[in-house]
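Residue numbers (the working numbering): 29 to 445.
Where is the CB? At the ideal position from N, CA and C, for every residue including glycine.
Being a predicted model, the structure only gives us computed values, none of them experimental.
Written out below as structure tokens is the structure these notes cover.
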Ligand code: PLP
């Protein structure tokens, strides 16, 4: 559904595109919904909603098991999405794509399989100070089990990873390097390519995992160009269904990793004496999967690709610049996260106002923002705040909505003056 303006063939017609998202017509407390919480979860276009519904109406059966027509059609549609995911992120093969519940499950899978086999006492796992809890806690669990050490690359006052300090923390003991492509709490875009290259140079024994939860919805991603070993993301942040996501990993690594969960579909044969596991990626997909969700995930990829990721990035970048300028002009507002290279997130605090109070008042204006620590408590600690107010952008947001946010913030300030 590509919607272009006449003047600029690259620019998206946001007003037209908004009609693809039925929920955007909703009223909240009698006011038009201004949805600024896409970093938590993005809204769904009609094509994604329809895709999921159509599975149950026309196509539904369990996958990989039946010889009957419906099962084969469902399996074909389901497996077709694997190829779409691979092409979407520039992966060499659909066989390198593991379907999972999302980013959290993907990081846990790598920690509990590659990590358990390859990390030993005294080894190091390097992350950064801006990670989501999903890219911290699985590594802590692994470190606890193995007696390994979690090492954290610091960020500066703008919320950027200090690349020299990151580089200096890499070494022979480093076994895993894991970092976000884009920070959900700050909006910082990390130089995934450079960080991966540094890891290769200074920590040749390490694998590199990129948490792409906030990357894929906002910019074109090519895992070959990044050069990493694992890249993972969640469908619900890219206009797809919740409870669905993918892990991409290099085939040789996935092949060498042990299975994770046991059950149906992940085996070739089972006997009490010995069970033989299925090949990659099926050996990581035990049990009946989210069949309709996977097919709808494919529809969300089609939708984003139809818009064009370059066009999405350009539109959001322009709106982020507009929002940054608008919020910066408000006295008593402090932006948290001012990196030179940012995407889609405006995190801030207001003098003398708790973020939760601000969030509740903004809600009465129809404005949905997230308040809290955004599952990134160490980021809050780094900036000395308990929580922030976070306005996060999706492709459907407009300048007018930023103006409503700004008026709402002024109202909050008047109430607490
Ligand atoms: N990583 C980042 C950067 C995120 O923003 C999120 C979700 O907010 C996650 C990981 C976890 O994603 P999920 O809850 O979909 O597994």
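Which residue wins for smallest C-alpha separation from residue i, given the options the options?
| i | options | result |
| --- | --- | --- |
| residue 174 | 140, 188, 65 and 321 | 140 |
| residue 78 | 393, 356, 321 and 440 | 321 |
| residue 215 | 68, 56, 60 and 383 | 68 |
| residue 292 | 73, 250 and 317 | 317 |
| residue 283 | 300, 107 and 257 | 257 |
| residue 255 | 189, 119, 213 and 115 | 119 |
| residue 412 | 439, 187, 276 and 433 | 187 |
| residue 222 | 233, 200, 54 and 192 | 192 |
I'd like to confirm something about residue i: is its beta-carbon nearer than 7 Å to some heavy atom of ligand 1, or not?
| i | result |
| --- | --- |
| residue 132 | yes |
| residue 264 | yes |
| residue 239 | yes |
| residue 242 | yes |
| residue 256 | no |
| residue 184 | no |
| residue 318 | no |
| residue 220 | no |
| residue 160 | yes |
| residue 171 | no |
| residue 67 | yes |
| residue 206 | no |
| residue 333 | no |
| residue 531 | As displayed, the chain neither begins before 29 nor continues past 445, which places residue 531 out of reach and without an answer. |
| residue 136 | no |
| residue 212 | yes |
How close, in whole Å, do the beta carbons of residue i and residue j come, if the pair is a contact with beta carbons under 8 Å?
| i | j | result |
| --- | --- | --- |
| residue 235 | residue 197 | Residue 235 to residue 197, Cβ: 16 Å. No contact. |
| residue 59 | residue 273 | 33 Å between Cβ atoms; not a contact. |
| residue 365 | residue 375 | 5 Å |
Spatial neighbours of residue i within its chain, please: C-beta separation below 8 Å, excluding the five flanking residues on both sides.
| i | result |
| --- | --- |
| residue 87 | 98, 101, 102, 105 and 323 |
| residue 248 | 337, 338 and 341 |
| residue 437 | 355, 358, 361, 378, 386 and 390 |
| residue 72 | 49, 51, 267, 268, 269 and 328 |
| residue 114 | 120, 121, 122, 124, 125 and 276 |
Less than 6 Å between C-beta atoms, sequence neighbours within five positions excluded: which residues of the same chain meet that for residue i?
| i | result |
| --- | --- |
| residue 43 | none |
CB-CB under 7 Å to residue i, same chain, minus the five flanking residues each way: which ones, in chain order?
| i | result |
| --- | --- |
| residue 379 | 360 |
| residue 401 | 408 and 415 |
| residue 442 | none |
| residue 35 | Low per-residue confidence applies at residue 35: pLDDT is 42, beneath 50, and the placement is therefore not dependable, though the value from the model is reported in the following sentence. The answer is none, since no qualifying residue turns up. |
Consider the C-beta atom of residue i and the heavy atoms of ligand 3; say whether any pair is separated by less than 7 Å.
| i | result |
| --- | --- |
| residue 273 | Questions concerning ligand 3 fall outside what the structure shown contains, since the ligands it does hold are ligand 1. |
query = Is the segment 87 to 106 close to the segment 226 to 242, with three or more CB pairs under 8 Å?
reply = Contact between the segment 87 to 106 and the segment 226 to 242 is absent: fewer than 3 CB-CB pairs across the two stretches fall below 8 Å.
ask   = At a cut of 8 Å, does the segment 309 to 318 reach the segment 288 to 299 through at least three beta carbon pairs?
value = With a cut-off of 8 Å, the segment 288 to 299 and the segment 309 to 318 count as touching, because enough Cβ pairs lie within range.
task = Could you say if the segment 343 to 352 and the segment 398 to 406 meet the contact criterion of at least three C-beta pairs nearer than 8 Å?
result = At 8 Å Cβ cutoff, the stretches do not touch.
ask   = Taking contact to mean at least 3 C-beta pairs separated by less than 8 Å, is the segment 206 to 214 in contact with the segment 156 to 170?
value = With a cut-off of 8 Å, the segment 156 to 170 and the segment 206 to 214 count as touching, because enough Cβ pairs lie within range.
query = For the 8 Å Cβ check, are there 3 or more pairs between the segment 328 to 341 and the segment 263 to 272?
reply = Yes, since at least three Cβ pairs between the segment 328 to 341 and the segment 263 to 272 fall closer than 8 Å, the two stretches touch.
task = Would you check if the segment 132 to 139 and the segment 165 to 182 touch, i.e. whether three or more CB-CB distances between them fall below 8 Å?
result = These segments touch.
inquiry  = Does the segment 180 to 195 come into contact with the segment 123 to 133, if we say contact requires no fewer than three beta-carbon pairs (one atom in each stretch) closer than 8 Å?
reply    = Taking 8 Å as the limit for Cβ pairs, the verdict is that the segment 123 to 133 does not touch the segment 180 to 195.
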